[in-house]
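As structure tokens, the structure follows; a few thoughts come after it.
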Amino acid sequence: MAGRKNVRNYSPVQLATASIVCLLTAALCLGHPPSVRADEGTYKLGLVTFLSGAAAGPFGVPARNAAELIIEAINAGTLPSPYDSKGLAGMTIESTIIDEAGGGTKQVGEFRNLVQRRNVDAVIGYISSGDCLAIAPVAEELRALTIFFDCGTPRIFEDNDYKYVFRTGPTSTMDNVAAARYILELKPNLKSVSGMNQNYAWGFDSWNDFKWAMGVLKPDVDIKTEQFPKLGAGQYGSEISAVMVSRAEVIHSSFWGGDMEGLVLQGAARGLFDNSQGIFTCGETAMFRLSDQIPEGTIIGGRGPFGVFAPASPLNDWFRKSYMDRFGTPPTYPSYKMAQAILGLKAAVDKAAAAKNGKPNKEEIAAALKGLEFQAPSGVVRMSLGKGHQAVQEMVYGQFTKKNGKPEIYNVRRYPAECVNPPDGVKSEDWIKNSLKQTSCN
Amino acid sequence: METLLAILIDGLVYASWLFIVAAGLTLVYGVMKILNMAHGSLYAIGAYSAASLVGWYFGSGHPPWGSFALFIGGAVIAGMVTGLIIERGVLRRMYGRDEVVMILVTYGVLLILEDVTKLLWGVDAYFAYQPYGMIGRVRFSDLTFAGYDLTLIAVAGLVGFALWYALNRTRQGKLLRAVIHDREISLAMGINVTRIFIVTFIIGSALGALAGGLTAPALSVAPGIGIEIIILAFAVVVIGGLGSVGGAAIGALLVGICRALAVHTYPQFELFIIYGVMAAVLAVRPQGLFVIARARKI
Amino acid sequence: MSIILETRDLAKSFGAVTAAANINVTIHEGEIVGVIGSNGAGKTTFINMVTGYLKPSQGSILFRGKEMVGLSPRQVTREGICRSFQVAQLFPELSVLENMLIACSMLGGNLFNPFSPLKTKANLQAAQAALDDYLIGEYAHAPVSTLPQGVRKLLDIAMAMVGRPSLLLLDEPTSGVAIEEKFGLMDTVIKAVINSGAASLFVEHDMEIVSRYATRVIAFYDGHIIADAHTTEALNHPQVREYIIGSELHREQAEGVRYAAN
Amino acid sequence: MGSDRTPIFLCAALLLLLVVGLFIPNWLVFLFTISMAKGLVVLGLILLMRTGLVSFGQGLYYCLGGYIVGISGQHWGITDVALVFLLVVLAATLLSSILGLLLCRYREIFFAMLTMAFSMILYGILVKSEKLGSTDGFIIAQATLFGWQPEVEASGTWIFALAVIITLVALLVMHLYFRSPMGFGGEAIRENEIRVEYLGVSPRRLIYIKYVVAAVLAAFGGAITAVAAGHVDPEMAFWATSGEFVFIALLGGTLHVAAPLVGAFLIEIIRTIALDLAPYTWQMILGGSLLLIIFFLPKGLWSLLPKRREEEGL
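Residue numbers (the numbering used here), protein chains in the order written: chain B, 1 to 442; chain E, 1001 to 1298; chain A, 2001 to 2262; chain W, 3001 to 3314.
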């Protein structure tokens, strides 16, 4: 055919684009030589947390701040006892941070990049339960030591066994079981509750656990309405009306971050909490930021003995003070949980190194972390569930007040881990439905 | 009875908010044929501007009522400036491209603006709750509503009326409508389309930012608040008929009332309601409720 | 000669506006009919109804005795009525040859074969030959968007003729074409139509063209037929002279504006 | 017509990739696999885009494919890849042939919005399905092939090989298709639907067929993603996922069947680099590259290659 005349010429722009693309590709593939082992004196740590999107402000960035603080202190050896030795068994931590945004599949890809291209020795991260579920099998496949610090779903270790995967934060089960216990202690004659939870796995799980626990502990409590507004919806006018119309005595909400703050603002402005007792299982992050708006007496939780709920100890005092000095606000629960994940790793590495008298490999570190009991700013953490891979801690609730001019918690009730968590090997749902009633808290 | 009242008021409040967001979007589409995804960012920028202005204002102890003028004006100005930058900096170079390509262009702008707001304001939430409580509460038997929310209904009415008046009763507005109806003819008749585009985009952006500014007092203004809005506003605009301001109002009402109905009766359907309404409306009227007449094709 | 198309009492209204009423037209095989009338008289509406683009408000359209009302344009096309358009309806980003190739494959019926290439030697030759028949073979590789009006109009008609219609409806074949090219275009088209044995109906504003090519003329005014007779007779009809031919003089100037707008 | 060398190039390129896959690090293999999976979805998308229709809802079938793989492994105990993929094709064909009946009536933005609405409805259903893990999704069982279960460590490589083969077949078929009258029929519809109608062909019917084909391709992409990532969640049906496919399609362009693959790979690379260089502002880099591509390369990266005019649109 007569078509050969139209050979096209390159324009400078096209040439430039093409060469940039090629350069970038080459840079990516060659820039991190795949098999150069890290220097023997350093320990490469990959950190994954939300740096963009709605979870960045309340969770991602406080967690990153805590990581920065703790890692510097570990490297400098300035932490109080028992972490006053320098580095991880003498190795300096070198950290890389990745944004958790983008969903499970993308995080799997980024995880592989971290482990295989960046050759990190361990990964600490993941706030979203979906990401944790997606990462766990991959971590196992790659034999990469991985510590989840925040995600809440109990399914991870209830459905599967892992060798290299750990979670140093407690599951969401105890938040809601303890919430039910607390509310019943406060209002023994409770008649009715309503729920306002986000329309995704976290919201469903939280509400179900609460509802089931309530059903077991006081079966005659009436569920008035169960609202599930969309994650990030921002406007809760209709839901607030629905809950108001339901006239329940208690409103349970596992809202977190901006959604929770929005609900507090809108609910308070409309007097939602004048006649109903609000309980916010993740309310702790808003305690200082919204102290003028949170109604007196609102029950708030911090997903464990974190933040204001943390028991006094030299470690906690150091953590609160250093965090406050550096970032200008007190640390909230995501900061605590990140700190305790890194400290858990340090405890395990130090322990493995002591046993071996040398640099431990990841299998030895995993073995050391399994079933470990270690100190954190939040008190003692015991890796006792999930065959030693899942932490349990006590759970704490209290009521908010600003009567003395500054935000405080009163009526604090601490629930030992055994009374709000299932024993090892039992699924949360089964435990709540079958044996919660028999579990004593004393 | 109480539930009925709640559905009505909740629906209206939600619809008002939706309408203010969607009005700018549909106006921009009507005139420029650009379905502007960056509208969400403008919403966020409006909210951030309002929140930081409110924070500063109350921090320095001025008379509280002045804050309204300040944060609404601030949001609108921030929206106009951003709109001008987007139009002059990006869109102007892309006019004439396919509609879908333009969606992606504005998506690119959205991604950039998301990070720009993050760089400017950080990831921590901003609060501007003071004005929210200032209008007080209104009580209907056991139901209490925030006066601020009810005022929003009036504001939406005002915005709608202003748009209607500007489009139908002013010379500039009639020119705009001519462009909406038939761009080629308008060009041939010597209407300065470039200027009309700039003005339209600035008005559209200002409306987006106004919506953000007005909502800011009820929100925790944090990254990501703009993203959720886009799809919602898109749906309203499509339901109403692209480019029709009246359609956006009806679409917003429809979605608002249906949503309130779902929340009060079958909360499990809330997640689907907007897509359900959209699919249902499009199934019956493939181009939305109010179709802008087009010139004959053959 | 046998009747090929017959419309009975055909009418179309858009809301309160009547675009056409009482349209009774009969066309015989091999006939070449000119249609005249000012803008909005109902000429294009008539063609749109016959080809199924518009559904008549009432009346019937019989093509070879078969009812056409209710059929879609593609079904009407399949029955053997093809048309051209006032503004040529082409695939502007594709080349002339590709336009013709697509027309051949669609009207030729080998469309739904996903695994044989479109551009086989045989197909290309056939398409090129079809273009040559209309004297536009030299433009084969030019994208349609770069073509002058005259070539577009010819391509439009040539693509319609691929379907070997027994009735060809031409909607203003020479509109937008330079005056000096009009007769050449019509010569080519009418020759091809006569060769194929099809009947043809063409809408035209230029009375010279009408009187040269049409054997019969139908005059539309305000949605009605005001004359239907042999060419000379129709053009001398008093009403036709008053309403149509007179106004055509003003139209010449207006046309320039209209095409600028398109 | 000169001989068509594209099939040979495609075979050679993908076989080369297969060989290379044995020697490159695991993370790169995964990147390639995901790129191919997304490339398949986008291949279907450009089929629609050449017809002038942009679907903002290919995530519907992407997710469907993924979930069929997940559910058959986890709940029906079917892990054999051949069988599972057959189910995926059946499910996608079934759903798309129902939705297609409605969707083939819509054009432009309405098509885009309606496809998105359907995809979001699936998203909503999955979010509500607590049995399927709601937004957390679930881990999928390890895949087998005719009773053979590869070792966990080698699974990346054999899934990659599987993806290469499926992609190759899909590319070859689609290459033939794009050159066929039906392939050109899409461009004809995009250019002028009225003319197509007057050429005696129903545009809706053509669009319907293309919609179903695109759905099957998207479902394949989703299935491969699921097998490779080992996890599915409703995010696959979220509008942003579908938006990314459109993004890739624009990046690669619609001129060549291999363009989606190149586009998908580049997106992954750009994003990985952006995340590396700027964990806080990677969205800005992504948005910036999108704008630059649209501005400088309106026909996608493929327009960088020199080519004879005759080959365009083939």
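Even glycine gets a Cβ: it sits at the ideal position worked out from N, Cα and C.
Counting only beta-carbon separations shorter than 9 Å, does residue i have a partner in chain W?
i, result
"B/Gln116", "yes"
"A/Leu2094", "yes"
"B/Arg155", "yes"
"A/Met2161", "no"
"B/Phe443", "Nothing can be reported for residue 443 of chain B: it is not among the residues displayed for chain B, which extend from 1 to 442."
"B/Ala136", "yes"
"B/Phe204", "yes"
"B/Ala201", "yes"
Could you check whether the Cβ of residue i sits closer than 9 Å to any Cβ belonging to chain A?
i, result
"W/Asn3192", "yes"
"W/Ala3188", "yes"
Note down, in chain order, every chain F residue with its Cβ under 7 Å from the Cβ of residue i.
i, result
"W/Glu3108", "Absent from the structure: chain F. Protein chains present are B, E, A and W."
Return the CA-CA distance between residue i and residue j, expressed in angstroms with no decimal places.
i, j, result
"A/Ser2057", "A/Phe2046", "12 Å"
"B/Ser440", "E/Ala1022", "55 Å"
"A/Leu2054", "A/Val2033", "21 Å"
"A/Phe2196", "A/Thr2051", "Per the sequence shown, residue 2196 of chain A should be read as Ser rather than Phe. Their backbone Cα atoms lie some 20 Å apart in a straight line."
"W/Arg3105", "W/Gly3044", "19 Å"
"B/Pro33", "W/Val3069", "Residue placement at B/Pro33 is poorly supported in this model, since its pLDDT is 46, which falls under 50; the coordinates still yield a value, given next. Straight-line Cα distance between these residues: approximately 35 Å."
"B/Tyr323", "W/Ser3129", "41 Å"
"A/Cys2082", "A/Gly2015", "28 Å"
"E/Thr1003", "B/Ser238", "10 Å"
Step through the CB atoms of chain B and report whether any lies within less than 9 Å of the CB of residue i.
i, result
"E/Asp1124", "yes"
"E/Gly1224", "yes"
"W/Met2966", "Lying outside 3001 to 3314, the shown extent of chain W, residue 2966 of chain W is not represented and no answer is given."
Tell me which same chain residues have a C-beta within less than 6 Å of the C-beta of residue i, skipping the five on either side of it?
i, result
"B/Arg64", "Thr49"
"E/Ser1041", "Leu1110, Leu1113 and Gly1226"
Leaving out five residues on either side along the sequence, give the residues of the same chain with a beta carbon under 8 Å from the beta carbon of residue i.
i, result
"W/Ala3117", "Gly3057"
Is the beta carbon of residue j closer than 9 Å to that of residue i?
i, j, result
"A/Ala2140", "A/Leu2094", "no"
"E/Val1090", "E/Arg1097", "no"
"B/Trp318", "B/Pro80", "yes"
"B/Ser291", "B/Pro407", "yes"
"B/Val245", "E/Leu1143", "yes"
"B/Pro295", "B/Gly307", "no"
In chain order, what residues of the same chain have a beta carbon less than 7 Å from the beta carbon of residue i, not counting five sequence neighbours either side?
i, result
"A/Val2177", "Gln2149, Gly2150, Lys2153 and Leu2185"
"E/Gly1147", "Ile1135, Gly1136, Arg1137 and Val1138"
"B/Asp222", "Lys191 and Ser192"
Does residue i come within less than 9 Å of chain E when only Cβ atoms are used?
i, result
"W/Ala3215", "no"
"B/Ser435", "no"
"B/Ser241", "yes"
"W/Leu3277", "no"
Among the options, which has the Cα closest to the Cα of residue i?
i, options, result
"E/Ala1211", "E/Gly1160, E/Ile1191 and E/Gly1241", "E/Gly1160"
"W/Leu3255", "W/Leu3122, W/Ala3237, W/Ile3046 and W/Phe3023", "W/Ile3046"
"A/Tyr2221", "A/Gly2037, A/Ser2116, A/Ile2102 and A/Ala2021", "A/Gly2037"
"B/Arg167", "B/Ser128, B/Gln438, B/Glu239 and B/Phe288", "B/Ser128"
"A/Ile2209", "A/Val2240, A/Glu2233, A/Pro2173 and A/Gly2223", "A/Pro2173"
"W/Met3174", "W/Gly3124, W/Ala3214 and W/Trp3158", "W/Ala3214"
"B/Pro330", "B/Met338, B/Lys321 and B/Lys337", "B/Lys321"
"E/Leu1167", "E/Ile1203, E/Leu1119 and E/Met1189", "E/Ile1203"
"A/Leu1979", "A/Lys2043, A/Asn2022 and A/Thr2018", "With chain A running from 2001 to 2262 in the structure shown, residue 1979 of chain A is simply not present."
"B/Asn119", "B/Thr332, B/Leu133, B/Glu94 and B/Tyr126", "B/Glu94"
"A/Val2144", "A/Met2106, A/Glu2079, A/Ala2088 and A/His2028", "A/Ala2088"
Hey, is residue i close to the ligand FAD, as in C-beta under 8 Å from one of its heavy atoms?
i, result
"W/Ala3214", "Only the bare structure without any ligand can be found here, which leaves the ligand FAD out of the picture."
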